[in-house]
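J.:
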Amino acid sequence: KAGVTQTPRYLIKTRGQQVTLSCSPISGHRSVSWYQQTPGQGLQFLFEYFSETQRNKGNFPGRFSGRQFSNSRSEMNVSTLELGDSALYLCASSPDRAITEAFFGQGTRLTVV
Amino acid sequence: AQSVTQLGSHVSVSEGALVLLRCNYSSSVPPYLFWYVQYPNQGLQLLLKYTSAATLVKGINGFEAEFKKSETSFHLTKPSAHMSDAAEYFCAVSEGGGSYIPTFGRGTSLIVHP
């Protein structure tokens, strides 16, 4: 069974640009969560989607958005990039509504210059 | 509200020595508890989880953790450290049927000396 796939693995963007990251969950998993990981703040929850609906949202500005498609694949978008958005963005998928176990992808390393 | 505190941002052990990584949690309802490991430039991999069954939980790679409700702790142990155990370890708590989005600790970096 293939794991969680995140693309791209590495990305360099300029301040003010926007970026879209992609996550393909494990087949059959309907819940996809996104996290931002930085040395200073650790792992912070961005949002979670289940069956194309955003169920939970973390404390991030509106520049961070996401969506989920009917095949459970998810994308997150960051508009008007800031230097502080440089981070490892992790996607995790879970099979059901109650997240008893999250399977993580390898992440997308975003560098904003 | 739920929270996790991992004591010690770095833990250093010799190869073959006992590994003990500490985790204390706060939760208003019976929690689910997890330990994850992260290798450089990789995602998180689940080591073990507690979901209200046996209080002593065995995981992969020889790790285990014990849920102690009276101490609100879920410390991770391994009897004998391997060089390959060097990584970042994260403890996480979720509130099961409530706000089930896990909250992660800040992580503990395990350093293993030869």
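Going down the list, the sequences are from chains A and B.
Heads up: the first sequence runs through residues 1 to 113, numbered per our numbering.
Heads up: the second sequence runs through residues 1 to 114, numbered per our numbering.
Beta carbons: idealized from backbone N, C-alpha and C, even for Gly.
1. Use the C-beta contact count for A65 (chain B): other C-beta atoms within 10 angstroms, 16 or more gives buried, fewer gives exposed.
2. Helix, strand or coil: which one does DSSP assign to S65 (chain A)?
3. Between the stretch 42-71 of chain B and chain A, which residues of the former have a C-beta closer than 8 Å to a C-beta of the latter?
4. CB E95 (chain B) to CB Q38 (chain B), shorter than 7 Å?
5. Using a 10 Å radius around the Cβ and a threshold of 16 neighbouring Cβ atoms, would you call K78 (chain B) buried or exposed?
6. If you draw a straight line from the C-alpha of K58 (chain B) to the C-alpha of L48 (chain B), how long is it?
7. Could you check if E48 (chain A) is buried or exposed, using at least 16 other CB atoms within 10 Å of its CB as the buried criterion?
8. Q17 (chain A) to L56 (chain B), Cα distance in whole Å?
9. Report the three-state DSSP secondary structure of G62 (chain B) (helix, strand or coil).
10. G107 (chain B) touches chain A at which residues, Cβ-Cβ below 7 Å?
11. Assuming L83 (chain A) and F60 (chain A) make a contact with CB atoms under 8 Å, what is their CB distance in whole Å?
T.: Judging by the given coordinates:
1. For the purposes of this step, residue 65 (chain B) is identified with residue 65 of the second sequence, where counting begins at 1. Answer is buried; the Cβ neighbour count reaches 16.
2. Here residue 65 (chain A) refers to the residue found at position 65 when the first sequence is read from its first residue. Note: S65 (chain A) maps to strand in three-state DSSP.
3. Q42, G43, L44, Q45, L46, K49 and T51
4. Locating residue 95 (chain B) in the second sequence gives position 95, counting from the first residue. Locating residue 38 (chain B) in the second sequence gives position 38, counting from the first residue. Judged by their CB atoms, E95 (chain B) and Q38 (chain B) are not nearer to each other than the 7 Å cut-off.
5. In the second sequence, counting from the first residue as 1, residue 78 (chain B) sits at position 78. Taking all protein chains in view, the Cβ of K78 (chain B) is crowded by 16 or more other Cβ atoms within 10 Å, so the residue is classified as buried.
6. As a position in the second sequence, residue 58 (chain B) is number 58, starting the count at 1. As a position in the second sequence, residue 48 (chain B) is number 48, starting the count at 1. Their Cα atoms are separated by approximately 7 Å.
7. If you number the first sequence from 1, residue 48 (chain A) lands on position 48. E48 (chain A) should be labelled buried.
8. By 1-based counting over the first sequence, the position of residue 17 (chain A) is 17. By 1-based counting over the second sequence, the position of residue 56 (chain B) is 56. Their backbone Cα atoms lie some 49 Å apart in a straight line.
9. Translated into positions along the second sequence, residue 62 (chain B) becomes position 62. Helix at G62 (chain B).
10. For the purposes of this step, residue 107 (chain B) is identified with residue 107 of the second sequence, where counting begins at 1. Near G107 (chain B) (Cβ distances below 7 Å), the residues of chain A are G42.
11. Taking the first residue of the first sequence as 1, we reach residue 83 (chain A) at position 83. Taking the first residue of the first sequence as 1, we reach residue 60 (chain A) at position 60. Going by Cβ atoms, the distance from L83 (chain A) to F60 (chain A) rounds to 16 Å, so no, they are not a contact pair.
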